[in-house]
Amino acid sequence: MAVESDLLAVLGELDFDPDTVRNRFLAERDKRLRKDANDQFIEVTGEFSNYKEDPYVEEPLKRDPLTDTVQVAVIGGGFGGLLMGGQLRKAGFNDIRMIEQGSDFGGTWYWNRYPGAMCDVESYIYLPLLEELGYMPEHKYSLGPEILDHSRRIASHYNLYENACLQTAVTELRWLEEDSYWQIKTNRDDCMRARFVVMANGPLNRPKLPGIPGINDYRGHSFHTSRWDYAYTGGDTTGGLTGLKDKRVAVIGTGATAIQCVPHLGKWAKELYVFQRTPAMVNPRDNRKTDEAMAESLRAKPDWQRARMNNFQSHMEGAAPAEDDVEDGWTELLGRVSPSAVIKMMEKLGRELSEEEALWLVEMEDYKKMHEVYDRVDSIVENAEVANALKPQYRAMCKRPCFHDEYLQTFNLPNVTLVDTQGKGVDQFLENGVRVGDVEYEVDCIVFATGFELGTEFCRRCDYQIYGRDGVSLTEYWSKGRRSFQSYMVHSFPNLFNLAIGHNGWTPNQTHALAEGANHVTHVLQQAVKRDAKEVEVSEAAQDRFVEDFNALKDPLHKEFFEACTPGYFNSEGDTDAVLVLDEVYGGGAHLFFQQLADWREEGDCAGVEFR
Numbered sequence: 023m024a025v026e027s028d029l030l031a032v033l034g035e036l037d038f039d040p041d042t043v044r045n046r047f048l049a050e051r052d053k054r055l056r057k058d059a060n061d062q063f064i065e066v067t068g069e070f071s072n073y074k075e076d077p078y079v080e081e082p083l084k085r086d087p088l089t090d091t092v093q094v095a096v097i098g099g100g101f102g103g104l105l106m107g108g109q110l111r112k113a114g115f116n117d118i119r120m121i122e123q124g125s126d127f128g129g130t131w132y133w134n135r136y137p138g139a140m141c142d143v144e145s146y147i148y149l150p151l152l153e154e155l156g157y158m159p160e161h162k163y164s165l166g167p168e169i170l171d172h173s174r175r176i177a178s179h180y181n182l183y184e185n186a187c188l189q190t191a192v193t194e195l196r197w198l199e200e201d202s203y204w205q206i207k208t209n210r211d212d213c214m215r216a217r218f219v220v221m222a223n224g225p226l227n228r229p230k231l232p233g234i235p236g237i238n239d240y241r242g243h244s245f246h247t248s249r250w251d252y253a254y255t256g257g258d259t260t261g262g263l264t265g266l267k268d269k270r271v272a273v274i275g276t277g278a279t280a281i282q283c284v285p286h287l288g289k290w291a292k293e294l295y296v297f298q299r300t301p302a303m304v305n306p307r308d309n310r311k312t313d314e315a316m317a318e319s320l321r322a323k324p325d326w327q328r329a330r331m332n333n334f335q336s337h338m339e340g341a342a343p344a345e346d347d348v349e350d351g352w353t354e355l356l357g358r359v360s361p362s363a364v365i366k367m368m369e370k371l372g373r374e375l376s377e378e379e380a381l382w383l384v385e386m387e388d389y390k391k392m393h394e395v396y397d398r399v400d401s402i403v404e405n406a407e408v409a410n411a412l413k414p415q416y417r418a419m420c421k422r423p424c425f426h427d428e429y430l431q432t433f434n435l436p437n438v439t440l441v442d443t444q445g446k447g448v449d450q451f452l453e454n455g456v457r458v459g460d461v462e463y464e465v466d467c468i469v470f471a472t473g474f475e476l477g478t479e480f481c482r483r484c485d486y487q488i489y490g491r492d493g494v495s496l497t498e499y500w501s502k503g504r505r506s507f508q509s510y511m512v513h514s515f516p517n518l519f520n521l522a523i524g525h526n527g528w529t530p531n532q533t534h535a536l537a538e539g540a541n542h543v544t545h546v547l548q549q550a551v552k553r554d555a556k557e558v559e560v561s562e563a564a565q566d567r568f569v570e571d572f573n574a575l576k577d578p579l580h581k582e583f584f585e586a587c588t589p590g591y592f593n594s595e596g597d598t599d600a601v602l603v604l605d606e607v608y609g610g611g612a613h614l615f616f617q618q619l620a621d622w623r624e625e626g627d628c629a630g631v632e633f634r
């Protein structure tokens with residue numbers, strides 16, 4: 023496009039050719055495109071079931087099967103389940119049962135105990151219910167053990183251990199038409215019932231493995247990062263992996279998990295091979311201890327955590343207030359490559375921007391940001407060839423950005439080797455290691471940092487099937503696309519509420535969305551009790567209107583953006599015909615979505631929901 027001179031003047035000098043960068047990004051994407059997309063990953067069932075076994079159980083559960091009835095069953099003991107349980111307790115619900123696969127509460131943070139695990143969103147807005155529990159995190163970004171402890175703190179505070187079923191996995195939900203209950207079957211041979219069920223089992227619990235030929239041929243040791251084997255590595259979440267001092271270790275995967283655990287592996291392993299298909303975008307984290315003066319200033323403000331969460335989300339969506347309360351890598355990044363960048367540019371220019379100008383502006387800011395990332399890599403990594411391989415060739419929000427202060431430095435260690443697979447990944451597992459191209463790497467241990475299932479079908483991710491009215495499964499009901507009302511209710515599945523991602527507002531701070539959802543579902547359940555209703559169900563007409571309004575807000579440029587991205591879970595591993603993960607979030611933004619929920623509750627008549 024013809025760029026106006028005032029736009030160039032305000033944008034500043036570009037030390038790159040935009041067409042060259044754009045074409046390079048597309049070429050790197052093309053290297054990684056695969057016809058099998060999400061199907062390239064192996065489901066951890068059957069012969070791979072050992073990769074999801076719980077290594078953290080101190081005492082295996084022994085109990086008789088349950089056949090009793092509760093008022094509300096909450097499936098999942100992570101932050102979604104904890105927020106739901108806490109809201110229910112505060113609203114006066116006493117007959118609650120929490121059902122959790124792990125041996126304790128924590129969800130993602132129960133499973134992710136790998137060395138170096140920490141949150142990538144500021145802890146003062148990420149850890150839920152800080153004001154209610156009178157707790158202040160130790161660092162700006164909390165480490166895994168503190169987050170797990172806080173999960174337990176919430177469970178204890180709201181008495182959620184009482185009547186809970188831990189070490190218990192749901193295997194089936196089935197609606198019992200004759201008496202308006204949900205039947206819940208589990209791997210403990212339970213066949214219990216619940217009047218209402220809330221599904222709070224998030225997506226970050228079911229590990230996935232790469233479908234690389236020969237995965238069963240490898241005879242060395244292996245484990246997934248979400249099931250870390252400290253009996254083999256030694257040490258704990260803080261490091262000290264002394265068991266690896268004479269071991270050759272391979273890490274497969276270079277996403278957010280690898281960014282955090284690779285520095286510890288590099289420090290302790292005799293040799294470490296990091297097999298990279300696509301480099302991560304690694305920004306500075308600048309973690310630090312909580313300043314007591316800052317903490318006191320927060321405590322002095324009523325409802326400070328909600329205000330801080332809202333401030334953060336405003337910066338994510340471009341409606342940025344003058345003050346940036348959080349002031350971190352997220353607000354800096356989204357302040358440049360989101361609508362807020364356009365708003366700031368128009369303020370500088372003193373004029374409106376056309377859509378074409380606005381898109382060009384964001385693209386240029388995106389490229390500038392990526393070149394700053396490249397400069398950081400060059401300033402840290404001593405070997406020029408390794409440095410070039412660690413530079414991500416895609417736009418900033420093609421993948422969830424990473425933040426770390428020790429990952430890049432690890433590649434300066436003499437015992438650490440980056441194996442750049444040129445976008446293809448490992449070619450084959452061998453009896454004693456792996457092969458990439460013509461080179462074989464013998465290793466004693468393989469660590470799968472390959473993440474969790476996120477872009478797969480919903481009931482596969484939650485690992486059980488759900489049968490509503492007339493025995494219709496949710497998989498069948500959603501076979502032509504997700505349908506819901508306000509995200510949390512689905513017609514033909516009465517008394518069932520779902521806190522999962524989908525049809526709601528997107529925010530990097532997922533606990534914010536979970537808190538809003540738990541509050542909303544609790545309101546509906548309170549109305550059910552007030553009206554003495556046995557059944558709560560959204561009408562089909564209300565659901566259709568919601569889906570129509572939801573689809574009308576989808577940005578057609580959204581799909582175009584992700585089609586140009588390197589494959590990842592944001593774009594269904596490059597499958598342009600699939601529903602993108604971020605296409606299932608509300609196009610009007612999280613703030614507007616949350617406000618619409620609040621307005622609906624304020625109106626008081628629960629329009630669209632039938633109480634019977």
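The numbers in the numbering used here rise by one with no breaks, and the one at position 321 of the sequence shown is 343. Glycine residues also receive a C-beta, built at the ideal position from the N, C-alpha and C atoms.
- The three-state secondary structure of Leu294, taken from DSSP, is strand.
- Annotation: the continuous beta strand (DSSP E) that includes Ile97 extends over Thr91 to Ile97.
- As the crow flies, the alpha-carbon of Leu29 is around 30 Å from that of His613.
- Of the candidates Val456, Lys552, Arg249 and Leu575, Val456 places its Cα closest to the Cα of Gly242.
- Secondary structure at Lys370: helix, using DSSP grouped into helix, strand and coil.
- For the pair Leu182 and Thr544, the CB atoms are not nearer than the 8 Å cut-off.
- For Leu518, the CB contacts under 6 Å within the same chain, skipping 5 residues up- and downstream, are Val219 in chain order.
- Counting along the chain, the unbroken alpha helix (DSSP H) around Gly103 starts and ends at Phe101 to Lys112.
- Inclusion of Arg417 and Cys628 in the CB contact set at 8 Å is not warranted, their separation being larger than that value.
- In its chain, beyond the 5 residues on either side, Arg249 have a beta carbon closer than 6 Å to the beta carbon of Pro77.
- Here Ser125 has Val79, Leu188 and Gln189 as same chain residues with Cβ atoms under 6 Å from its own Cβ, once five neighbours each way along the sequence are excluded.
- The C-alpha of Glu462 lies about 25 Å from the C-alpha of Glu404.
- Residues Trp131 of the same chain have their beta carbon placed closer than 6 Å to that of Ile169, with the five preceding and five following residues left out of the count.
- Using a Cβ distance threshold of 8 Å, His161 and Lys311 count as a contacting pair.
- Judged by pairs of C-beta atoms under 8 Å, the segment 512 to 526 does not touch the segment 80 to 92, as fewer than three such pairs exist.
- Between Gly166 and Arg135 a beta carbon distance of about 6 Å is seen, short of the 8 Å cut, so the two are scored as contacting.
- The beta carbon of Leu579 sits closer than 8 Å to the beta carbons of Leu381 from its chain, once the five residues preceding and following it are set aside; these are given in chain order.
- The three-state secondary structure of Ser360, taken from DSSP, is coil.
- The criterion of a C-beta distance shorter than 8 Å is satisfied by Asp117 and Val92.
- By the Cβ-count criterion, Ser401 is exposed, with fewer than 16 other Cβ atoms from all chains shown falling within 10 Å of its own Cβ.
- In the same chain as Ala278, and ignoring 5 residues on each side of it, the C-beta atoms closer than 6 Å to its own belong to Cys424, in chain order.
- For Arg217, the enclosing beta strand (DSSP E) covers residues Cys213 to Met221.
- One Cα belongs to Gly630, the other to Asn333, and the distance between them is close to 31 Å.
- Trp197: member of the beta strand (DSSP E) spanning Val192 to Leu198, first to last residue.
- Comparing alpha-carbon positions, the option among Thr276, Gly590 and Leu287 lying closest to Gly261 turns out to be Leu287.
- Per DSSP, the continuous beta strand (DSSP E) segment holding Asp442 begins and ends at Val438 to Asp442.
- Cβ atoms of Leu440 and Gln282 stay farther apart than 8 Å, at about 17 Å.
- Looking at the DSSP output, Gly261 shares a beta bridge with Asp258.
- Note on Asn593: 16 or more other CB atoms within 10 angstroms of its CB, so buried under the neighbour-count rule.
- Assignment of beta-bridge partners to Thr208 by DSSP yields Val192.
- Taking each of Ser202, Asn185 and Asp211 in turn and checking the Cα distance to Val192, the smallest one comes out for Asp211.
- In the three-state reduction of the DSSP assignment, Asn116 falls in the coil class, being assigned neither a helical nor a strand state.
- By the C-beta density criterion, Pro436 is exposed, having fewer than 16 other C-beta atoms within 10 angstroms.
- DSSP places Gln415 in no alpha helix (DSSP H); its state is neither H nor E.
- Scanning the segment 511 to 560 from its first residue to its last, the whole alpha helix (DSSP H) runs of 4-plus residues come out as 532 to 552.
- For Phe47, the closest C-alpha among the options Cys141, Thr300, Gly128 and Glu35 is that of Thr300.
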